[in-house]
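One structure below.
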Amino acid sequence: MMQFTVSDDQAQLLEAFQRVTREEFPASRLISRVESPLNQDVVKWPVISQLGWLELLLPETGAGHAYSSVDQCLVHREFGQCLLTPVVLGSMLGVGLAMQAGANVEAQAIMAGRMKVAPAIACERHGGRPAVGDRFYVVGLSDCESVLIWNDGGAGLFTAAQLTDITVVQAVEESLGLHRVTLKDAKPQAWMASAATSQQATLLISAQLVGGAQAALDMAVAYAKTREQFGQQIGAFQAIKHKCSDMLARVEVAWGQIMMAALSQGDNGLDPFHVSAAKVLATDAALKNAAANIQVHGGMGFTAECAAQLYLKRAHTLDLMAGPGREHHLRILASESPV
Amino acid sequence: MSKKNHLFSPEDERFRQQVRDWLEASKPRTPRPSDAQGQREYDLGWQRTQYEGGWAGIAWPKEYGGLGLPLIRQLIWYEEYARAEAPHVGASMVGLNHGGPTLIVRASDEQKAFHLPKILKGEVVWSQGFSEPGSGSDLASLRTKGRVEDGHLVVNGQKIWTSYAHISDYQELLVRTDPDSSRHRGLTWIICDMKLPGITIRPIRNMVGDHHFNEVFYDNVRIPLANVVGQIGEGWSVAMSTLGFERGTAHARDQIELSLELEKLIAYAKVHPGPDGVRPAIKDDEFAGRLAMLRAEMSALRSLVYTMVSRIEKTGSPGPEGSIVRLYFAETKQRMTRLAADLLGVAAIERHRVEGLSALDYLNSLRFTISAGTAEIQRNIIGERILGLPRGK
Ligand SMILES: Cc1cc2nc3c(=O)[nH]c(=O)nc-3n(C[C@H](O)[C@H](O)[C@H](O)COP(=O)(O)OP(=O)(O)OC[C@H]3O[C@@H](n4cnc5c(N)ncnc54)[C@H](O)[C@@H]3O)c2cc1C
């Protein structure tokens, strides 16, 4: 039987990450800075690169340690919990892609932190190779030197010079640094014609979504234990207690499926059914837990001063980044019976 | 919405036509400004236009500037108002929806004569000072103090989540006037002039980025005792009237607005591609099912509002059943705005509206299960006050 619970090694790994994330990337960094165009995490890029995070998806890292698919999910769950900018994910995927495509100079530049990769979301959902005139939303474009476009057909890196009609857009998640762009030169710097990057991206985003769902749960439980109304902690009301229990159940359910997906890694990559199943369940957990956390916080939860809203907005972004739910529904049913 | 229905008498329908014609000719055509003062002037200006057109306070008493018509006419007005896409009631909300109605049933003749015409003429903005940092759902635990001193109530304490406080002239203020009292006893409902010395207002930004609610601090604010509504110590019962209006009748307009939004959503789904990128979204079974369900729910919501209006005509108050309307409205709105976000596909990442739709509406909808009593509190009211289930501790 494969390990579904976290091993001692993995717990240690996680602890090492948490020491950094809790110190350097507390959720409070994103509060009341909604107007600021400065991406708080890009400022910390030297730290991120020195810690070796950017090369963590490679089969073998510089330090000789290889992170399994499950390890990678654990790390991304932590990234989701601290709402790390999606530019980190873009850059991590970018390294692997550049390596595979033989673009070693680019791969080295990304790992060294000299080149950052902005993840793109396709407006045209044709799933084929990006074509001239295709439109994209790009996260963190003004901080990045490169853009990562992926879909089921493949994945590739592009430069800002290949884009036109670059427009700043106000995202639902204010701190995202979002642009809408049109591709004017569709010849990628590096292109891999396989669904591998897309599957990996979807799985890691799912792990981040579960991280956010967990953070919302933790916040709700902590508040339910301290906030008093009618002379008792609100967690004593079953309406609140059951809400928190449901939040935990959603986290467990989604995480379980993420393990299924991570362990489905075979010669042909990850199993698309398991990945899509992980994505829809992780989205469900992240969106519902974020909304429930706001509800548990009452009026406070509806303010910009409370971190609760951050998890809802991030869940919204990540949901779309991994492709709208209906696309995954269709894939789930298109696959053969998983049992 | 264009379907004829047979719920209204021919006279009602004639009234409806008059309302429709007037609204079409008179509704503001300029967009609502985005700054607080600009909004105040815009909302009050539009209320003044309604007053001058002879349409303000349809069910309010004639002697205070209203039309003295049955509530059903008010409902017709709201339906046409929403259909005409007239501006949201905005800063006039508290005065029209529950401040004025509370005064009508609980205030003295002098108070009514002074305040009601001002509300109808669009001269004043009201706010509601009930919630405190330590007292939200448990309103009866509130601690802001009012001390009686030579003809005045001297108020000290703090309120929070006060919508429109920053642009308001008067406030429904609920304070504890008997320091030895606990819970419901010893509270007083008083009209607070927001220009009085000793009031400090701090804005709180909400999660969609708007400045809508505030913290309000009271430092020896001296309010004449003549402003007490009901008697000193009777504040809880007056506040229950206020909440009854806030949870009940205020939805007459909201429900129809929501139905119209759904119709826009259906129109959108007919022309924009769905998840397969080819066929219109409405051809997708899941979207079609959700849209259909919502259409049924909207009609039911309308029936709930009609039932409530009939109940008020009969008994004079919306009763605890108002909580059913509130809850159903709030949760239907959340489902509908969620569907709108899903229909937008990846464009939902933007705040910008696409043909009137934005995922921001979903975020914004979360307020409705918190304000005016949380969804959990509404369920407690339904369980305990309608069903007679035992009260929890
Ligand atoms: C947009 C908005 C506008 C508002 N405008 C105004 C205004 O103009 N004036 C004003 O006075 N107030 C206003 N409010 C405040 C609103 O009335 C309170 O937020 C609400 O009553 C909840 O109180 P609270 O925020 O203190 O949450 P709490 O009461 O602390 O509730 C926290 C959580 O505990 C739950 N809970 C509490 N008690 C129970 C129980 N007995 N059983 C089960 N669950 C329970 C709640 O449902 C909630 O989920 C506004 C709020 C919002 C969001």
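These protein sequences, in sequence, are chains B and G.
Just so it is clear: in the first sequence, position 214 is 213 by numbering that gives the first Met the number 0, and no numbers are missing.
Just so it is clear: in the second sequence, position 297 is 296 by numbering that gives the first Met the number 0, and no numbers are missing.
By construction, the Cβ of each residue, glycine as well, lies at the ideal position given by its N, Cα and C atoms.
Best match in the options for proximity to residue i [C-alpha to C-alpha]
| i | options | result |
| --- | --- | --- |
| L203/B | A121/B, K115/B, K278/B, E14/B | K278/B |
| Q127/G | Q110/G, P116/G, L95/G | L95/G |
| L317/B | I120/B, Q231/B, H64/B, Q198/B | I120/B |
| T336/G | D284/G, S357/G, V228/G, R378/G | S357/G |
| V104/G | G391/G, L259/G, G243/G, G321/G | G243/G |
| F236/B | V220/B, L247/B, H178/B | V220/B |
| L70/G | A249/G, L172/G, V124/G | A249/G |
| W254/B | Q231/B, I239/B, T282/B, F229/B | T282/B |
| L177/B | G132/B, L140/B, L29/B, G324/B | L140/B |
Backbone CA spacing between residue i and residue j [nearest angstrom]
| i | j | result |
| --- | --- | --- |
| G318/G | G372/G | 15 Å |
| M0/G | K269/G | Annotation note: pLDDT 43 at M0/G (below 50); position unreliable, no value reported. |
| Q170/G | G145/G | 15 Å |
| A266/G | Y63/G | 43 Å |
| V154/G | D218/G | 7 Å |
| Q46/G | N292/B | 38 Å |
| K242/B | A189/B | 47 Å |
| D137/G | R226/B | 12 Å |
| T201/B | V274/B | 7 Å |
| M239/G | V220/G | 24 Å |
| G268/B | I109/B | 24 Å |
| D142/B | G89/B | 12 Å |
| M93/G | I159/G | Rather than Met, the amino acid found at residue 93/G in this sequence is Val. Rounded to whole angstroms, V93/G to I159/G spans 16 Å at the Cα level. |
| Q2/B | A159/B | 43 Å |
| E79/G | I57/G | 13 Å |
| M218/B | E375/G | 19 Å |
| E14/B | E304/B | 28 Å |
| T176/G | A164/G | 22 Å |
| G297/B | A55/G | 34 Å |
| C191/G | L50/B | 58 Å |
| A212/B | V295/B | 14 Å |
| S91/G | A26/B | 37 Å |
| E326/B | V345/G | 11 Å |
| G234/G | D42/G | 29 Å |
| S302/G | L147/B | 51 Å |
| Q99/B | F367/G | 50 Å |
| R31/G | I203/G | 21 Å |
| D270/B | E260/G | 40 Å |
| N205/G | I331/B | 38 Å |
Cβ distance (whole Å) where residue i is taken to contact residue j below 8 Å
| i | j | result |
| --- | --- | --- |
| C72/B | A307/B | The Cβ separation is near 25 Å, so there is no contact. |
| V138/B | V86/B | 7 Å |
| L359/G | V174/G | Rounded, the Cβ-Cβ distance is 36 Å, inconsistent with contact. |
| M297/G | L257/G | 6 Å |
Counted within 10 angstroms of its Cβ, other Cβ atoms place residue i as buried (16 or more) or exposed
| i | result |
| --- | --- |
| E105/B | buried |
| I431/G | A query on residue 431/G cannot be resolved here, the shown segment of chain G reaching from 0 to 392 and no further. |
| H97/G | buried |
| S6/B | exposed |
| N38/B | buried |
| S336/B | exposed |
| G276/G | exposed |
| V347/B | This structure gives no information on residue 347/B, because the portion of chain B shown stretches from 0 to 338. |
| Q11/B | exposed |
| G322/B | buried |
| Q256/B | buried |
| A111/B | exposed |
Residue range of the unbroken beta strand (DSSP E) whose run includes residue i
| i | result |
| --- | --- |
| E148/G | 144–148 |
| R201/G | 198–204 |
| T181/B | 177–182 |
| N219/G | 210–223 |
| M191/B | 189–191 |
| N150/B | 145–150 |
| A121/B | 116–121 |
| L172/G | 169–175 |
Endpoints, the alpha helix (DSSP H) within which residue i is located
| i | result |
| --- | --- |
| F244/G | 234–246 |
| I75/G | 70–82 |
| Q157/G | Careful: Q157/G lies outside any alpha helix (DSSP H), inside the beta strand (DSSP E) at 151–159. |
| I103/G | 99–105 |
| R337/G | 321–343 |
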